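To keep things clear, I will list the structure first and then write my remarks on it.
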Amino acid sequence: MRLALQDVATLVEGRLAGDGRIWITGASILRDASPGDVTLVDRPKLLSALNGCSASAVILPEGMEVEGVASVAVSDVRAAFAKVVEVFRPAYREQARGVSASAYVSATARLGDDVVIHPGVTVGDFVEIGSGCVIHAGAHLMAQCRVGRDTQIFPNVVLYENTVIGDRVRIHANAVIGAYGFGYETVNGRHESTAQLGYVEVASDVEIGAGTTIDRGTYGPTRVGEGTKIDNLVQVGHNCRIGRHNLICSQVGIAGSCTTGDFVVMGGQVGLRDHVDIGSQAMLGAKAGVMSDIPAQTKYVGIPATPEREQMVKQAAWSKLPEMRKELRSLRKRVEQLSAQLEQTRRPEAA
Amino acid sequence: MRLALQDVATLVEGRLAGDGRIWITGASILRDASPGDVTLVDRPKLLSALNGCSASAVILPEGMEVEGVASVAVSDVRAAFAKVVEVFRPAYREQARGVSASAYVSATARLGDDVVIHPGVTVGDFVEIGSGCVIHAGAHLMAQCRVGRDTQIFPNVVLYENTVIGDRVRIHANAVIGAYGFGYETVNGRHESTAQLGYVEVASDVEIGAGTTIDRGTYGPTRVGEGTKIDNLVQVGHNCRIGRHNLICSQVGIAGSCTTGDFVVMGGQVGLRDHVDIGSQAMLGAKAGVMSDIPAQTKYVGIPATPEREQMVKQAAWSKLPEMRKELRSLRKRVEQLSAQLEQTRRPEAA
Amino acid sequence: MRLALQDVATLVEGRLAGDGRIWITGASILRDASPGDVTLVDRPKLLSALNGCSASAVILPEGMEVEGVASVAVSDVRAAFAKVVEVFRPAYREQARGVSASAYVSATARLGDDVVIHPGVTVGDFVEIGSGCVIHAGAHLMAQCRVGRDTQIFPNVVLYENTVIGDRVRIHANAVIGAYGFGYETVNGRHESTAQLGYVEVASDVEIGAGTTIDRGTYGPTRVGEGTKIDNLVQVGHNCRIGRHNLICSQVGIAGSCTTGDFVVMGGQVGLRDHVDIGSQAMLGAKAGVMSDIPAQTKYVGIPATPEREQMVKQAAWSKLPEMRKELRSLRKRVEQLSAQLEQTRRPEAA
Chain A
44 MRLALQDVAT LVEGRLAGDG RIWITGASIL RDASPGDVTL VDRPKLLSAL NGCSASAVIL
104 PEGMEVEGVA SVAVSDVRAA FAKVVEVFRP AYREQARGVS ASAYVSATAR LGDDVVIHPG
164 VTVGDFVEIG SGCVIHAGAH LMAQCRVGRD TQIFPNVVLY ENTVIGDRVR IHANAVIGAY
224 GFGYETVNGR HESTAQLGYV EVASDVEIGA GTTIDRGTYG PTRVGEGTKI DNLVQVGHNC
284 RIGRHNLICS QVGIAGSCTT GDFVVMGGQV GLRDHVDIGS QAMLGAKAGV MSDIPAQTKY
344 VGIPATPERE QMVKQAAWSK LPEMRKELRS LRKRVEQLSA QLEQTRRPEA A
Chain B
44 MRLALQDVAT LVEGRLAGDG RIWITGASIL RDASPGDVTL VDRPKLLSAL NGCSASAVIL
104 PEGMEVEGVA SVAVSDVRAA FAKVVEVFRP AYREQARGVS ASAYVSATAR LGDDVVIHPG
164 VTVGDFVEIG SGCVIHAGAH LMAQCRVGRD TQIFPNVVLY ENTVIGDRVR IHANAVIGAY
224 GFGYETVNGR HESTAQLGYV EVASDVEIGA GTTIDRGTYG PTRVGEGTKI DNLVQVGHNC
284 RIGRHNLICS QVGIAGSCTT GDFVVMGGQV GLRDHVDIGS QAMLGAKAGV MSDIPAQTKY
344 VGIPATPERE QMVKQAAWSK LPEMRKELRS LRKRVEQLSA QLEQTRRPEA A
Chain C
44 MRLALQDVAT LVEGRLAGDG RIWITGASIL RDASPGDVTL VDRPKLLSAL NGCSASAVIL
104 PEGMEVEGVA SVAVSDVRAA FAKVVEVFRP AYREQARGVS ASAYVSATAR LGDDVVIHPG
164 VTVGDFVEIG SGCVIHAGAH LMAQCRVGRD TQIFPNVVLY ENTVIGDRVR IHANAVIGAY
224 GFGYETVNGR HESTAQLGYV EVASDVEIGA GTTIDRGTYG PTRVGEGTKI DNLVQVGHNC
284 RIGRHNLICS QVGIAGSCTT GDFVVMGGQV GLRDHVDIGS QAMLGAKAGV MSDIPAQTKY
344 VGIPATPERE QMVKQAAWSK LPEMRKELRS LRKRVEQLSA QLEQTRRPEA A
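Protein chains in written order, with the working numbering: chain A, 44 to 394; chain B, 44 to 394; chain C, 44 to 394.
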């Protein structure tokens, strides 16, 4: 597969600079590009990296100039580059249609139009699946789940009973929605599970990462709000209310009964203790340990979580700690000297 | 579905205060309750939250008083509330019985009475499953596993060869028991896996969370003691001995060859290095990083893990760090002034 | 099952010391050994533990001496002990051959010789699997995956489209390779997913732990280099380049576009922010939080990650913090005293 660069320019409706007759044989990012490849530069600070790169051509934003390599200028670099990648490595188009003969679908389940159900799926009693959904191999939807339209459930996802999923949701492989909450009471020296009568409700346009777990509420729902994106291996505890359009990075752990506002961002490996409320547009830095409520529109970092500015001042002091210790010692010595000298001065007869 | 409040009171054998003729149409926790709902208050400090809540009635403990809303007083609030929830949203009762035609069960496996095996399950050679067990869809029990009575194994759980599971155990979806330990020796610049001849032994009444992984021992068992509860996405390394009635919260990581006593509690995201021993009834605060043995009946927090009291004193000092730094600077200046003044005093002729 | 100790010695080609006629009925590590067991001691510092151990005999390295218990001296203790364990508890030998009738294999997939495919597996369109591979129950290989020779894929592993896996790779249960990267752009107040046109490429002799997730690149590959070993529940973000022979412990989180050199070691729960480069042979201590590039052949620990020596000096100062605070207060007092005395000395007439 090869394309003349001028054909690439035509494909992405871009403005060509340099020799349009050179052959393009692939599309790779800067770090990986080799001769024959077209690459992309989407912001000025990456321009310098083009020197060490053996790409034959580059797609860049209109108005950005580059020397020594052919270029195609476009208004949306990422969209244009994606188009070229798809020419060289076409995405696989799902052929499957309908319900696989090796899936198990309860007679009481109701499926919308154009639902695709892959082999090894189980769909429990009274489950409802909206039109246009794709349920990939080995996913299990237990009794009474309700799934909206055009939702994709990847292989081996498990939805426990009564889970409610919105429209256009994506749940990646091996995520588990609706397992029992981690709540116990100690009775006669043994841990007895609290009630597990609740369920999980995931609103529309949510994405849930691979291996992520979201526990059911005690008596009612654990909720994830519209448009929220959750990365891989995240834990969301029972009774939580996650707001709308949150971004929750990988390996975050949210203990039971927390709430978040809208547009909250949590970096990787953040931990929240139970029953804390995070205000809208708050940002929690990676690995932050949150022990109490966080106000809206603030940025907290560290363990325990601290306003970022305050933490920076502390970190600066912390990095001076060994120096401070030395200073303290020398100061103590100096004070003792002064003290002795003063003593001498006051009692000159003793000298 | 609706019930008069007096019928709710009768159902839970509680004492009614207020108008028993009002209609109850649902049961929700304080945060979610709307008109028509009965809610619950199980401790005095939640009473104030009732004001902002539009519930029509509340279930509360005997002896607790409330004004402005109808109430039902009972001795066990949570049990009573659970009863009401189950009336309004009956739990789904498993209909499945016996072995699904689309499960694979080895001819050499032995199943007890009343075992339920869902579609897509595989039961390997010489596996034994005790009576009353439920093995949910897509779970895989590899060769020679032994499972006790009345144990529930949720969808897509994987038990590697020779895993031993006790009675009344619950293993949640996508947990993996018995994968290879992370032990390597470097031989000629390559990492060679150590022996993987062991297995995992889980005692009775244990609960294991979704996505949790427990690795097999090198030559013998990795053990989890009776009654211990493990949350989601926890890692237990090879050769560990987890004691009885531990509570291990989500995303805890326990490296190889650790031991814990009984009634140990670990908060979320705690990490233990390999070969540490945790004494009985020790508590490890969320995110603690444990580098050495922890004595029984103590509470440790922080990275590295430190006795809680000590850590609090350090944290207090830490929050004063920037101030200390300023103080140190001003003190240095003051000492220099003093020093100059003293010099002047001692050598007045130089003035 | 029992063996005379002299037969154990013969089996492992070791030198017997003590009574060779005693019966050996099992093999256990020091902590677990009971009468009748043979145990192992592979380094001098474990010798003392033999006193509290009721093992009947011990396998130890040539040249090491022990009193009061029969012994067998060998050149490779672990290999010899493994041999004995296998006599007492023979490893289960896989009986399965060929493709299970309850697997789904696309007509366009190509399988090498001696491939074993267990029940419930799905093999998508145009997938290629090399000879000698074992694909365990419930694993799903989506369209166009390519797997090398003699690779083992454990139950419920999911490979998304276009995943490339090398030879002699082991992927443990419930790992997910090739799910979508966590990349979003905010368009009109909503998070829109970036391109998901890439894939994952795993080189030969890699091992991937249970529940681990490795995301696909944006336009091209996310790569894991030859011989690298990854533990359970690790997250590797989109576009990462993991080098060769790395050891990555459990629950590590690596954000997008990171690179590592060769022989990098990361302790448990380490976190890397996006776009950082880790030099060859660098070591990152457990729970380290890496915010910027790490030079080759260094050891970093802490949050934020700091050279180990520097961190130790800081930790030492940190543990003296409360003391420093006290010291500072007493010094301040002392300086005030001196100041007053000096004043008095300089203005004796005021006294």
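A virtual CB, placed ideally from N, CA and C, is assigned to each residue, including glycine.
Quick caveat: nothing in here was measured; it's all calculated off a predicted structure.
Go ahead and label G57(C) buried or exposed: buried means 16 or more other beta carbons lie within 10 angstroms of its beta carbon, across all protein chains shown.
-> buried
- Report the three-state DSSP secondary structure of L381(B) (helix, strand or coil). helix
Reducing DSSP to helix, strand and coil, say where P87(B) ends up. helix
Exercise. DSSP on Q358(A), reduced to helix/strand/coil?
Worked result: helix
| Within the chosen definition, does the region 297–307 of chain B reach the region 152–165 of chain C through at least 3 CB pairs nearer than 8 Å? | Counting Cβ pairs under 8 Å, fewer than three are found: no touch.
Residue ranges of each beta strand (DSSP E) run of no fewer than 3 residues wholly in the region 212–289 of chain C, ordered along the chain? 219–222, 227–230, 233–236, 242–245, 256–258 and 264–267
query = With a cut-off of 8 Å, does the C-beta of T237(B) fall near any C-beta of chain C?
reply = True, the Cβ-Cβ gap to chain C drops below 8 Å.
- Query: In chain C, which residues lie with their C-beta within 8 Å of the C-beta of D75(A)?
  - Reply: G263 and P264
* Got a sec? Which residues, its chain only, sit under 6 Å from E351(A) by beta carbon, not counting five neighbours each side? -> K342 and V344
| message | Looking at the strands, I want to know which residues DSSP matches up with T302(C). | response | R284(C) and D320(C)
Self-check item: Residue range of the unbroken beta strand (DSSP E) whose run includes V115(C)
Solution: A113 to V117
Please check if any C-beta of chain B sits within less than 8 Å of the C-beta of Y223(A).
-> yes
Exercise for the section: Tell me whether V230(B) is buried or exposed, calling it buried when 16 or more other Cβ atoms sit within 10 Å of its Cβ. Expected result: Exposed, since its Cβ has fewer than 16 Cβ neighbours within 10 Å.
Are the CB atoms of L315(A) and T388(C) within a distance shorter than 8 Å?
no
| message | I need the DSSP call for A393(B), collapsed to helix, strand or coil. | response | Here the model assigns A393(B) a pLDDT of 49, short of 50, so the residue's position is not dependable, and the following value carries that caveat. A393(B): helix per DSSP, three-state reduction.
field: A38(C), enclosing alpha helix (DSSP H) - first and last residue
entry: As displayed, chain C neither begins before 44 nor continues past 394, which places residue 38(C) out of reach and without an answer.
Task: Proximity winner among N94(B), I178(B) and Q358(B), relative to L154(B) (alpha-carbon distances) - done: I178(B)
**OP:** Flag A253(B) as yes if its beta-carbon sits less than 8 Å from any beta-carbon of chain A, otherwise no.
**Re:** yes
Starting from L381(A), find everything on chain C with Cβ-Cβ shorter than 7 Å and list it in chain order.
L381
*asked:* Could you tell me the alpha carbon to alpha carbon distance between T302(A) and G322(A), rounded to whole angstroms?
replied: 8 Å
Exercise. Given a threshold of 16 other Cβ atoms within 10 Å of its Cβ, counted over all protein chains shown, does R140(B) qualify as buried or as exposed?
Worked result: exposed
Mind listing the chain C neighbours of V356(B)? Cutoff is C-beta to C-beta under 8 Å, in chain order.
From the beta-carbon of V356(B), the residues of chain C found nearer than 8 Å are P365.
*So is the beta-carbon of G254(B) under 7 Å away from any non-hydrogen atom of the ligand ATP?*
Summarising the ligand content, the structure contains no ligands, and the ligand ATP is consequently not present.
Checklist line | Nearest neighbour of G268(A), chosen from A359(A), I291(A), K357(A) and V127(A) [CA to CA] | finding: For G268(A), the nearest C-alpha among the options comes from I291(A).
Fill in: Own chain residues within Cβ distance below 6 Å of H215(B), not counting five before or after
Closer than 6 Å at the Cβ level, and outside the excluded window around H215(B), lie F197, G252 and A253.
Going straight from the alpha carbon of K272(C) to that of R213(C), what length do you get?
9 Å
Which residues does DSSP list as the beta-bridge partners of Q187(B)?
For Q187(B), which the question treats as bridged, DSSP gives no partner whatsoever.
Report task. Answer yes or no: do T265(A) and N282(A) have a C-beta to C-beta separation smaller than 8 Å? Result -> Yes, these two residues count as a Cβ contact at 8 Å.
What first and last residue would you give for the alpha helix (DSSP H) that runs through L48(C)? L48 to L54
- Query: Tell me, which residues are paired with I102(C) by DSSP?
  - Reply: L83(C) and V115(C)
Please determine if the region 118–136 of chain A and the region 109–126 of chain C are in contact, where contact requires at least 3 C-beta pairs separated by less than 8 Å.
Taking 8 Å as the limit for Cβ pairs, the verdict is that the region 109–126 of chain C does not touch the region 118–136 of chain A.
Less than 7 Å between C-beta atoms, sequence neighbours within five positions excluded: which residues of the same chain meet that for G69(C)?
For G69(C), the CB contacts under 7 Å within the same chain, skipping 5 residues up- and downstream, are G79, D80 and F131 in chain order.
Q340(C) vs Q324(C) beta-carbon contact at 8 Å: yes
Run through chain C and tell me which residues come within less than 8 Å of N217(B), C-beta to C-beta.
Correct list: N199, N217 and G254.
request  = Reducing DSSP to helix, strand and coil, say where R372(A) ends up.
outcome  = helix
Item to complete: Taking R153(C) as the query, report the chain A residues whose CB atoms sit under 9 Å from its CB, ordered along the chain.
Response: Residues of chain A passing the Cβ test: none, with the nearest at roughly 16 Å.
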